[in-house]
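Below: one structure, written as structure tokens.
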Amino acid sequence: MNNTKFVKTKNVKRFVALMDELQKLPPNIPKLALVYGDHGLGKTKAIIWWATRNDAIYVRANNEISQNGLLQAIVDELGERPMYLMQENFKLILKHLKQDPKIIIVDEADYLFNSKNVIEILRDIQDSTGCPVVLSGMGAMDKKIARFKHFEDRLFKKLKFEQFNSLDIKEIINELTELNFTEDAIEYLETRTNQFRQLVKLINRIEKLSETNKFDEIDEYTLKGIINERQTNFPVSTVKKLYA
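Heads up: the sequence shown begins at 1 in full-length UniProt numbering, then just goes up one per residue.
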């Protein structure tokens, strides 16, 4: 299985389109955006993939994040030495971004909503530099941000990562494995897993079983047997008997 392959699902394509939009907005429109959705849908992987290829600033929040902690993380990503005083870090960020504009992406941004001040410092950076700021978080993040009306009103767009559909699953399978899955197997997968990591683990398991069972293709019946084998912890050798 090709674990290094990056799969451009519909969510990824919508995210890329959003980032393109943000960069093309006129100066008078606030360049703030929210990306959110349930875990396991590939948000972080998509963000890091895009940030790496577009020289963006990527920082990850945590439960103990403070205004200055966030600023220090941004300064560090800019390749500068973080200062002790918050105001010095803020000035350094503004100076750097005015000379060399970059998009700022804050992952795990749910933690930022523990303090209004942390959110406001990002708005101040965006206002002062014109650089887009993107917040990424979990599925309830759009509701959390609604508590900060002044910030929410300035959002250009909210983008929700949706559950995978059969087309996404087919794309993932085609990119990650050479095994042939029938249409009914793909449709069945859509009802059983909607997380990227789960799907990758399942594909990996099927490939290992295929080495001994010599599947020509994976249809719904075969797939149900494999999933049942995993859940009941039957020995791998018993799976072959299911299809004999």
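We treat Cβ as the ideally placed atom computed from N, Cα and C, and that holds for glycine.
Reducing DSSP to helix, strand and coil, say where residue i ends up.
i, result
"R81", "coil"
"R60", "strand"
"A33", "strand"
"F151", "helix"
"L18", "helix"
"L159", "strand"
"Q117", "The identity of residue 117 in the sequence shown is Asn, whereas the question assumes Gln. Helix at N117."
"N228", "helix"
"V7", "coil"
"A146", "coil"
"V12", "helix"
"S66", "coil"
"L25", "coil"
"T71", "Residue identity check: residue 71 is Leu in the sequence provided, not Thr. Correct three-state label for L71: helix."
"L41", "coil"
"A51", "helix"
"A46", "helix"
Please report the straight-line C-alpha distance between residue i and residue j, rounded to a whole angstrom.
i, j, result
"K214", "R154", "56 Å"
"I159", "L32", "It is worth fixing the name first, because residue 159 is Leu in this sequence and not Ile. Approximately 12 Å, taken between the alpha carbons."
"V7", "T177", "12 Å"
"N165", "W49", "22 Å"
"R197", "N114", "29 Å"
"A181", "E162", "Residue identity differs from the one stated: residue 181 is Phe in this sequence, not Ala. The alpha-carbon atoms of F181 and E162 are separated by roughly 23 Å."
"I172", "T9", "8 Å"
"T44", "L209", "30 Å"
"D38", "D216", "35 Å"
"G139", "Y188", "25 Å"
"K174", "I203", "Looking at the sequence shown, residue 174 is not Lys but Asn. For N174 and I203, the distance between alpha carbons rounds to 11 Å."
"P101", "K201", "39 Å"
"F148", "R192", "37 Å"
"A185", "N11", "22 Å"
"R60", "L112", "10 Å"
"R14", "A51", "15 Å"
Considering only the beta carbon of each residue, do residue i and residue j sit closer than 8 Å?
i, j, result
"I29", "Y58", "no"
"Y221", "D142", "no"
"V75", "N54", "no"
"L94", "T129", "yes"
"V118", "L70", "yes"
"L167", "E207", "no"
"E120", "N62", "no"
"I65", "S136", "no"
"V133", "I125", "yes"
"P82", "Q67", "no"
"L199", "I169", "yes"
"Q195", "L41", "yes"
"F156", "L22", "yes"
"E80", "L97", "no"
"I103", "L34", "no"
Would you kindly report the start and end of the unbroken alpha helix (DSSP H) that includes residue i?
i, result
"Y188", "183-192"
"residue 252", "Outside the displayed range of the chain (1 to 244) lies residue 252, so it cannot be described from this structure."
"I200", "Correcting the residue type first, residue 200 is Val in the shown sequence and not Ile. 196-213 is the span of the alpha helix (DSSP H), which, as asked, contains V200."
"L167", "166-176"
When DSSP builds the beta bridges, which residues end up paired with residue i?
i, result
"V106", "V59, L135"
"I218", "F181"
Would the beta-carbon of residue i be found less than 7 Å away from any heavy atom of the ligand HEM?
i, result
"R14", "Among the components of this structure there are no ligands whatsoever, and the ligand HEM is therefore not found."
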